[in-house]
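In full-length UniProt numbering, the protein residues as written are 1 to 270.
Below is one structure; the comments refer to it alone.
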């Protein structure tokens with residue numbers, strides 16, 4: 001599974017760079033370079049490693065290109081990066097027997113470091129845990145947003161978005177996934193379940209507020225107001241472009257997609 005770890009580390013780092021760099025296309029070149037550097041640090045320089053490392057390097061570049069194009073075009077084009085990501089992972093898992101075990105500087109550091117819990121952990125698992133942690137950050141947000149866009153839960157740029165009614169999703173999403181991953185790896189499945197339940201409880205007032213806005217947009221006798229976007233008492237009564245169905249769909253699809261990313265990372269790190 002070393003090829004999978006190399007791919008996820010390359011994609012995770014390149015996605016962070018794409019969000020921070022002034023020119024997003026820098027991530028297209030950074031992905032393969034990070035994959036090669038990771039493979040070198042992990043001692044994956046044997047003949048059998050060339051295929052999985054090569055697929056991981058090329059796959060990272062293709063992923064960045066596909067994401068950049070999908071963000072620009074929107075709509076159903078956002079399905080392609082999802083299919084590409086799943087396809088690359090599937091191929092690397094099938095070919096995982098070709099790769100050698102993790103060695104090199106990374107294995108030497110794991111044996112040398114006196115960090116709690118590392119004494120009995122294989123270097124390969126340490127690398128995979130790092131990979132799935134990176135997966136939960138910007139890459140996880142990217143996967144969730146691509147899925148939301150592909151099913152129409154994210155509207156074209158310039159239009160009101162359901163995410164406008166659910167604040168902090170891009171920050172809460174990675175935090176939630178990291179908590180689920182960390183607690184599950186520590187064997188605290190009950191606590192991980194509590195995190196999932198807490199999110200639903202916290203988000204309920206925001207979803208309920210959207211319903212109140214829609215009810216406020218109706219006049220006496222159930223007739224719809226002709227000016228649903230005006231304000232009353234300094235507070236907006238309604239957003240004419242967003243309905244309670246939009247917010248609910250966004251929340252449910254986004255939440256389940258986010259949990260799948262966390263559980264997928266957990267399965268790889270076990």
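We treat Cβ as the ideally placed atom computed from N, Cα and C, and that holds for glycine.
Bear in mind that the values here come from a model prediction, so they are computed numbers and not experimental data.
Distance between residue j and residue i (C-alpha atoms, nearest Å)
{"i": "residue 85", "j": "residue 112", "result": "35 angstroms"}
{"i": "residue 12", "j": "residue 138", "result": "7 angstroms"}
{"i": "residue 44", "j": "residue 54", "result": "11 angstroms"}
{"i": "residue 120", "j": "residue 62", "result": "36 angstroms"}
{"i": "residue 23", "j": "residue 30", "result": "12 angstroms"}
{"i": "residue 57", "j": "residue 243", "result": "42 angstroms"}
{"i": "residue 245", "j": "residue 252", "result": "10 angstroms"}
{"i": "residue 238", "j": "residue 256", "result": "Since pLDDT at residue 238 reaches only 46, below the 50 mark, its modelled position is unreliable, and the value read off the structure follows with that caveat. Cα-Cα distance, rounded: 27 angstroms."}
{"i": "residue 59", "j": "residue 200", "result": "35 angstroms"}
{"i": "residue 268", "j": "residue 202", "result": "29 angstroms"}
{"i": "residue 134", "j": "residue 14", "result": "10 angstroms"}
{"i": "residue 250", "j": "residue 166", "result": "9 angstroms"}
{"i": "residue 115", "j": "residue 187", "result": "19 angstroms"}
{"i": "residue 49", "j": "residue 107", "result": "16 angstroms"}
{"i": "residue 260", "j": "residue 40", "result": "31 angstroms"}
{"i": "residue 38", "j": "residue 16", "result": "16 angstroms"}
{"i": "residue 32", "j": "residue 21", "result": "17 angstroms"}
CB of residue i within 8 angstroms of CB of residue j, strictly
{"i": "residue 265", "j": "residue 181", "result": "yes"}
{"i": "residue 124", "j": "residue 102", "result": "yes"}
{"i": "residue 162", "j": "residue 153", "result": "yes"}
{"i": "residue 66", "j": "residue 34", "result": "no"}
{"i": "residue 144", "j": "residue 74", "result": "no"}
{"i": "residue 64", "j": "residue 19", "result": "no"}
{"i": "residue 42", "j": "residue 129", "result": "no"}
{"i": "residue 262", "j": "residue 170", "result": "no"}
{"i": "residue 98", "j": "residue 28", "result": "no"}
Residue span of the alpha helix (DSSP H) that contains residue i, given as start and end
{"i": "residue 5", "result": "2–20"}
{"i": "residue 64", "result": "50–73"}
{"i": "residue 142", "result": "140–150"}
{"i": "residue 249", "result": "244–269"}
{"i": "residue 125", "result": "123–134"}
{"i": "residue 109", "result": "104–112"}
{"i": "residue 81", "result": "79–94"}
{"i": "residue 39", "result": "26–41"}
Rounded Cβ spacing between residue i and residue j (contact assumed at less than 8 angstroms)
{"i": "residue 142", "j": "residue 174", "result": "Between residue 174 and residue 142 the Cβ distance is about 11 angstroms, and since that is not below 8 angstroms, they are no contact."}
{"i": "residue 100", "j": "residue 4", "result": "At roughly 14 angstroms, the Cβ-Cβ gap does not stay under 8 angstroms, so residue 100 and residue 4 are not in contact."}
{"i": "residue 147", "j": "residue 47", "result": "That pair is no contact at about 38 angstroms."}
{"i": "residue 7", "j": "residue 93", "result": "Not quite, the Cβ-Cβ distance comes to about 10 angstroms (not below 8 angstroms), so this is no contact."}
{"i": "residue 90", "j": "residue 78", "result": "Actually they are not in contact, since the Cβ atoms of residue 90 and residue 78 sit about 19 angstroms apart, beyond 8 angstroms."}
{"i": "residue 185", "j": "residue 191", "result": "In fact, because the Cβ distance is near 12 angstroms, the residues do not count as touching under 8 angstroms."}
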